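**Q** A single structure is presented below for examination.
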Amino acid sequence: MMVERIDTLIKENYQKQILLKDTQFKTLQAQINPHFLYNTLDSVNWMAKTNQEPRISKMVEALGRLLRSAVYKQDLVTIADEVKILENYIIIQKIRFEERLQFSIKMEEELDDCLIPKLTLQPIVENAVNYGLESKSGVCRIKVWMEKSGERVEIFVEDNGPGMEPGYWEKLAQGLVKTRGSGIGLKNIDDRIKMIFGEEYGIRIDSKLGVGTKVTVVFPFTTHKEVKADVQSPNR
Amino acid sequence: MCRVLIVDDERIIREGIATVIPWEKYGYTLAGTAGNGEEAYELIKKEAIDIVISDIKMPGMDGLQLIAKVKEEQPEIEFIVLSGYSEFEFARTAMQYGVKYYLLKPCNEEEILAVLEELRNAIEQRRRNSAYLEKVKQDLERIKPQLKAQYLKEFVTNQFSFAQEWEYYRDLLGLKETGPVRLLLCRVEGRFEFEYLFALKQTAEEILGEGLVFLSTTIGEELLLLIKDLAMEELLALVETVKETFCNNYGRDMTVAISESGEWKTTPLLYREAREYLKHRFYLGEGSIITKKDIGLDQAEEANLIFDFEQFGYIVKSGNTEEVEVRLAEFFRQLEAATREISGAKIHCLELFSTIIRYSAGEKMNDYLKQLVAFEEFTTLEQIHQFIQEIALEITTANYADNAQRYSRQVQKVVALVEENLANENLSLKWLAQEMLYMNVDYLGKLFKKEMNERFSDYLIRLRIEKAKEMLEKSDSKVFEIAKAVGFGDNAQYFSQVFKKQTGYTPSDYKKLFS
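Residue numbers (the working numbering), protein chains in the order written: chain V, 110 to 345; chain Y, 74 to 588.
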């Protein structure tokens, strides 16, 4: 009885926190005037082009697209769109870290239209980039690929970073440790997938200290037609 | 050459776009840049601009106001909108102004060039379309005089096949005057030479003027003018001038019949009237001007009856019973309104009666003639109507059956000729109509379709393929021989294609089915 009660309390608490985070995000979003931001990026872009600075131009354009897609009010996007967000992020990071960052992705055409919570892949890759480039002086290699087995979709993000200590992810998932990151963490992604698709989906981690980490995102195969009625944002 | 204007309040962006894009290389001309809506608007008024690339948010007149103002004055100018707003917000506003092309900031030269290319294609397509339309218009304008002449000819000889056709074509030809009209029917005296008739046409049109002459045409040896209705004295003076001028210039006299005035739709009757008048030139002398006044009162009364006996005769002959009933009802309705006593009406009815029986089969005509005595007994129009209708329908129905038989005989002839000439490459409906049956090809085509429930071309292909199948089944002929035998000449390949399309097999595969 006691255990059940504690469980309920924890759940309620989490949901409140998620709600709070969501509200904070929305406030933040409203404070930045996106029109100002995009116009400024456009000025920078044409200045860079006039001065023949293709790297600045490339970065600014990618940043503009990244911002646009991140701010766009939509919970679920197609894998194709989600990968575009990821690619824009990589364009920027490649210019910054040059050959120290090696990224590859393999798409599956049949999964292009499959829906995924927005900002699932980019934060995982960002995580890998941050840890990989920070704690090692060598080359950070990140590989992304995906598979469809039956009605389940699995997306893999593998890196050659520092890896995690055994049991770290389990503790994190139970809320027993706090991360030092400020972005969207692995736990947040896991929670969101479970909330949208159910407890049997989420994130799986295989990690070996000093060798690397493989994050697997598991969720059901759905396309627009199937979920349009309830999940689609009313603004569209 | 496509001329582009850039409008953005930020100098960096404006000049950035202007310098970064290699305009000439892609076939564009940068016509200018502007820092706000007003500046852009002034430039657009002065310069020839095809495409405007414009920001939305600008001080003073903003992008959307600029679009609204320019589209109102020069709707052919196209816009590409640059916007920092999200797609959704933008789409809502821009669609009101009919802007389809927009780019989200930050954008780049590839995106701009791609949209420019799309727009240029759209503009060129539109220009081609309007050039084509213009050419068609010009062509129509060029042949309009001939069309007008043909229109008048067909109108007065009752060749329009559906009601109000005269009105439809009148509007199509841009004839806006719809008030009352008169006809002038003119004849050049002396031996007929077309040159004189043509000269008369020129003279008359010149003197009467475009404002007066709506239509003119020559019919046989006569010139027919459809003119605006004028008071008779005024018109007589004008016609007198035409007569004198023509006589002075060409040394020929002319006779003119002037019809009464009437509505457009009565033109065929006015023509009949004018022709009647012209016949009186034997009594009144050549070179006179003949009006209704000159030919006495009897004729005048008749003119009140708007009924074309000749045309009615054709309807009886064609076998159209429904139309006969409609026309008869109309005739008697008019007769009732126009005449005061039965004996006067009987004269018209007798004319109608004789018109009808003229179109009965030869051996029956005498029987019908004998029934004339019945007219003696009739005391009401009602009785006459009933009597005439009965006989008219009888004759029309007989004509219908006769026609049907004759039609089917003609179609049977076609069928027999097709059998005989199947190997002839030139065999076609046109060939049959012109070379064998001496008939109008369109008419023959319609007749064939009606009788056989199949278009001639389909029938011919079907028959050729049937024959080919038979030969493949029963003979050892080679494919090229069969192609020749069923009218494909030396084109065995085309034969095979058609055969495959019709049967689903190639000729050789088909042959295998039977060997």
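C-beta: ideal position from N, C-alpha, C; glycine also.
Because the structure is a prediction, the values reported are computed rather than measured.
For Y:V172, which residues in chain V fall below 7 Å Cβ to Cβ?
**A** Those do not exist, as Y:V172 stays about 18 Å from chain V at its closest Cβ, beyond 7 Å.
**Q** Run through DSSP, which three-state label would V:S213 get?
**A** Of the three classes helix, strand and coil, the one that applies to V:S213 here is strand, per DSSP.
**Q** So if DSSP puts V:W254 in a beta bridge, which residue, or which two residues, is it bridged to?
**A** In the DSSP output, where bridge partners are listed per residue, V:W254 has V:K215 and V:F265.
**Q** Of all the options Y:Q444, Y:I420, Y:K419 and Y:E151, which has the alpha carbon lying nearest to the alpha carbon of Y:I658?
**A** Here chain Y covers residues 74 to 588 and nothing more, so residue 658 of chain Y does not appear.
**Q** What residues of chain Y sit near V:N103, judged by a beta carbon separation below 9 Å?
**A** Within the shown structure, residues of chain V are numbered from 110 to 345, placing residue 103 of chain V beyond reach of any answer.
**Q** Using only CA atoms, which one of V:T332, V:Y277 and V:I214 lies nearest to V:V192?
**A** Of the listed residues, the one whose Cα sits closest to V:V192 is V:I214.
**Q** Please classify Y:D515: does DSSP put it in a helix, a strand, or coil?
**A** Y:D515: helix per DSSP, three-state reduction.
**Q** Chain V beta carbons: is any one of them nearer than 8 Å to that of Y:I185?
**A** It does not; no Cβ of chain V falls within 8 Å.
**Q** Within 10 angstroms of the Cβ of Y:L580, are there 16 or more other Cβ atoms? Answer buried if so, exposed if not.
**A** Inspection of the sequence shows that residue 580 of chain Y is occupied by Pro rather than by Leu. Counting Cβ neighbours within 10 Å, Y:P580 comes out buried, since at least 16 surround it.
**Q** Please classify Y:I117: is it buried, with 16 or more other beta-carbons within 10 angstroms of its beta-carbon, or exposed?
**A** By the neighbour-count rule (16 or more Cβ atoms within 10 Å), Y:I117 is buried.
**Q** Provide the residue span of the alpha helix (DSSP H) that contains Y:L423, from first to last.
**A** Unbroken alpha helix (DSSP H) run through Y:L423: I415 to R431.
**Q** Ends of the alpha helix (DSSP H) at V:G311?
**A** Looking at the DSSP string, V:G311 is not in any alpha helix (DSSP H); the run it does join, the beta strand (DSSP E), is G311 to K317.
**Q** Touch check for the region 129 to 149 of chain Y and the region 79 to 94 of chain Y: three-plus C-beta pairs under 8 Å?
**A** Output reads yes: the region 79 to 94 of chain Y touches the region 129 to 149 of chain Y.
**Q** Quick one: grab the DSSP three-state call for Y:M509.
**A** Residue state, collapsed to three classes: helix.
**Q** Beta carbons nearer than 9 Å to chain Y: which residues of the region 210 to 228 of chain V have them?
**A** Cβ contacts with chain Y come from no residue of the region 210 to 228 of chain V.
**Q** Taking the alpha-carbon positions, what's the Y:S427 to Y:A330 distance?
**A** If you take the alpha carbons of Y:S427 and Y:A330, they lie about 28 Å apart.
**Q** Between the Cα of Y:L192 and the Cα atoms of Y:S203, Y:Y175 and Y:L206, which residue gives the shortest distance?
**A** It is Y:Y175 whose Cα lies nearest to the Cα of Y:L192.
**Q** With distance defined between alpha-carbon atoms, name the residue in V:V153, V:P271, V:G276 and V:F212 nearest to V:S246.
**A** It is V:P271.
**Q** Taking 8 Å as the CB-CB cut-off, is Y:T579 touching chain V?
**A** No, because no Cβ of chain V sits closer than 8 Å to the Cβ of Y:T579.
**Q** Rounded C-beta distance between Y:S334 and Y:P253? I'm assuming under 8 Å.
**A** Between Y:P253 and Y:S334 the Cβ distance is about 5 Å, and since that is below 8 Å, they are a contact.
**Q** Just the Cα atoms here: how many angstroms apart are Y:V397 and Y:Q483?
**A** Roughly 26 Å between the two C-alpha positions.
**Q** Which word fits Y:A310, buried or exposed, when buried means at least 16 other C-beta atoms lie within 10 angstroms of its C-beta?
**A** Exposed, because fewer than 16 other Cβ atoms sit within 10 Å of the Cβ of Y:A310.
**Q** Would you say Y:I90 lies against chain V (beta-carbon separation less than 8 Å)?
**A** Chain V, which has a Cβ nearer than 8 Å to the Cβ of Y:I90, makes this yes.
**Q** Take Y:E250 and list the residues in its own chain whose beta-carbon comes closer than 7 Å to its own, dropping the five residues that flank it on each side.
**A** Only F287 and K301 meet the Cβ criterion.
**Q** Buried or exposed for Y:L370, please, with buried defined as at least 16 other CB atoms from any protein chain shown within 10 angstroms of its CB.
**A** Confidence at Y:L370 is low in this model, with a pLDDT of 49, below 50, so the placement of that residue is unreliable and no value is reported for it.
**Q** Could you tell me whether the region 293 to 313 of chain V touches the region 226 to 233 of chain V, using the rule of 3 or more Cβ pairs below 8 Å?
**A** The region 293 to 313 of chain V, when compared against the region 226 to 233 of chain V, does touch it at the 8 Å Cβ threshold.
**Q** By how many angstroms is the C-alpha of V:D184 removed from the C-alpha of V:P343?
**A** The predicted model places V:P343 with a pLDDT of 37, which falls under 50 and marks its position as unreliable; any figure quoted below should be read in that light. Whole-angstrom Cα-Cα distance: 11 Å.
**Q** Name the chain Y residues that come within less than 8 Å of V:T159, Cβ to Cβ?
**A** Neighbours of V:T159 on chain Y, chain order: I85, E88, G89, T92 and V93.
**Q** Do V:T187 and V:L228 have their C-beta atoms within less than 8 Å of each other?
**A** Their beta carbons are not under 8 Å apart, which means V:T187 does not touch V:L228 by this criterion.
**Q** With 8 Å set as the bound, which would you pick, yes or no: does the beta-carbon of V:R164 sit closer than that to a beta-carbon of chain Y?
**A** So no, V:R164 is outside the interface.
**Q** Just checking my contact of Y:L495 with Y:K540 at CB under 8 Å: how many whole Å lie between their CB atoms?
**A** Correct: roughly 6 Å between the Cβ atoms.
**Q** According to the neighbour-count rule (16 or more other Cβ atoms, all chains shown, within 10 Å of its Cβ), is Y:P148 buried or exposed?
**A** Flag for Y:P148 reads exposed.
**Q** Taking only runs of the beta strand (DSSP E) that begin and end inside the region 147 to 219 of chain V, which ones reach a length of at least 3 residues, in chain order?
**A** As far as the region 147 to 219 of chain V is concerned, its whole beta strand (DSSP E) runs of at least 3 residues are 185 to 187 and 210 to 215.
**Q** State yes or no: is the beta carbon of V:H144 nearer than 8 Å to at least one beta carbon in chain Y?
**A** So, interface residue.
**Q** Three or more beta-carbon pairs under 8 Å between the region 249 to 261 of chain V and the region 199 to 213 of chain V, yes or no?
**A** The answer is yes - the region 199 to 213 of chain V touches the region 249 to 261 of chain V, with three or more Cβ pairs under 8 Å.
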